Amino acid sequence: MSRHQGSSSKGKSSGRGQQKSGANQSSRGGSSQQGKSYARGNSPLRKNSFSASKPQVDKKTAPKKSNPNEIRLNKYIANSGICSRREADEHIAIGLVSVNGQVVTEMGYKVKLEDEVRYDGRRVNPEKKAYVLLNKPKGFATTTAEGKGRTVMDLVANATSSRIKPIGRLGRNSKGLLLFTNDEAIVKKFTNSKHGVPRLFHVELDKNLKIDDLKKIRDGFKVDGKLIAVEEISYIDGASKKEIGLKIKNTGNTIIRTIFDELKYDIISLDCVAIGHLTKKDIPRGHWKHLTEQELNTLKML
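Take a look at the structure:
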């Protein structure tokens with residue numbers, strides 16, 4: 003067919019177009035609508051067929067949406083530095099891992115960061131370990147609870163992204179050093195009833211401490227049937243007898259108030275000036291610092 007003939011034949015399609023149309027009609031069961039072609043994406047729907055744009059999914063086999071707040075148990079363990087993910091799977095399989103007190107052997111099990119995960123009885127922490135030393139001012143409560151007004155957590159909020167907590171406590175009107183960490187081994191060292199970590203306090207009383215009372219505190223005495231004992235006590239050189247140095251291994255300062263309440267003294271000021279070998283040097287009141295590697299190693303050896 004010449005170019006002229008092809009352009010003058012109105013309403014006629016080429017032979018290829020006729021063949022394609024015929025094939026479509028044949029494949030669709032001989033549709034009576036001549037010249038209408040159906041591509042794969044716009045073919046007419048049969049009754050009870052599924053829509054291509056909204057495929058029906060069996061709810062029983064549909065994959066579950068991932069929860070950004072959850073993490074696979076093997077990854078949780080591996081992040082703690084204990085072992086690799088593959089090794090973690092082996093530990094899980096033989097029952098060495100528990101979640102919130104229940105042994106888990108399921109592969110692919112997911113946990114939340116706030117869950118209590120233990121490997122071979124030891125608490126696992128998937129976060130980077132952090133050690134923050136704060137020089138606490140007055141007026142801040144030592145608590146992680148909300149709704150308690152100003153707390154020490156407000157002061158260390160920008161120190162680290164790890165979920166650190168204070169070891170022990172200082173009263174709202176007490177001041178001085180307070181150590182924060184997420185390292186359970188360090189926390190255990192402080193709370194160990196036999197060893198513990200000594201803390202040195204500068205105590206100012208409302209009146210001079212009698213020498214007999216100082217000796218009584220040094221020797222230890224009972225309050226309500228419970229022995230109250232300290233590591234060391236002495237007057238502070240160059241100061242009045244109202245000011246003393248007192249060293250204890252308890253994680254709180256309740257024992258100090260118990261001692262002086264029993265002996266009829268009021269505490270005017272209570273300042274934790276040292277924790278083990280850690281001091282307030284270069285840490286202004288209300289500020290914090292991260293422990294150096296040397297400070298941390300020395301703390302671990304106490």
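Counting from 3, one number per residue, gives the positions in the sequence shown under this note's numbering.
Backbone N, C-alpha and C fix where the C-beta goes; we use that ideal spot for every residue, glycine too.
The structure presented is a predicted model; accordingly, all values stated were derived computationally and were not measured.
Straight-line gap, residue i to residue j (C-alpha atoms, nearest Å)
i	j	result
residue 127	residue 186	8 Å
residue 81	residue 140	37 Å
residue 286	residue 178	10 Å
residue 289	residue 108	45 Å
residue 230	residue 181	24 Å
residue 111	residue 144	36 Å
residue 161	residue 197	29 Å
residue 302	residue 200	13 Å
residue 2	residue 242	Because the chain spans 3 through 304 in this model, residue 2 falls outside it and cannot be assessed.
residue 260	residue 254	11 Å
residue 234	residue 256	16 Å
residue 189	residue 93	25 Å
residue 218	residue 228	15 Å
residue 155	residue 124	26 Å
residue 149	residue 240	42 Å
residue 300	residue 277	12 Å
residue 236	residue 262	14 Å
residue 294	residue 194	23 Å
Inter-residue CB distance, residue i and residue j (contact presumed, cutoff 8 Å)
i	j	result
residue 258	residue 246	Their Cβ separation, rounded to whole angstroms, is 10 Å, which puts residue 258 and residue 246 out of contact at 8 Å.
residue 184	residue 129	6 Å
residue 121	residue 211	Their Cβ separation, rounded to whole angstroms, is 49 Å, which puts residue 121 and residue 211 out of contact at 8 Å.
residue 142	residue 174	7 Å
residue 169	residue 192	5 Å
Cβ neighbour criterion (16 or more within 10 Å) applied to residue i
i	result
residue 213	exposed
residue 304	exposed
residue 153	buried
residue 76	buried
residue 101	buried
residue 138	buried
residue 147	exposed
residue 113	buried
residue 90	buried
residue 284	exposed
Contact check, residue i vs residue j, beta carbons under 8 Å
i	j	result
residue 176	residue 248	no
residue 136	residue 157	yes
residue 264	residue 232	no
residue 275	residue 216	no
residue 133	residue 292	yes
residue 208	residue 270	yes
residue 251	residue 206	no
residue 79	residue 99	yes
Same chain only: Cβ atoms within 7 Å of residue i, ignoring 5 sequence neighbours per side
i	result
residue 95	107
residue 87	76, 77, 80
residue 223	230
residue 151	143
Contacts around residue i, its chain only, beta-carbon distance under 8 Å, and the 5 residues preceding and following it disregarded
i	result
residue 131	164, 183, 184, 185
Residues of its chain near residue i, where Cβ-Cβ distance is below 6 Å and the 5 sequence neighbours each way are ignored
i	result
residue 83	none
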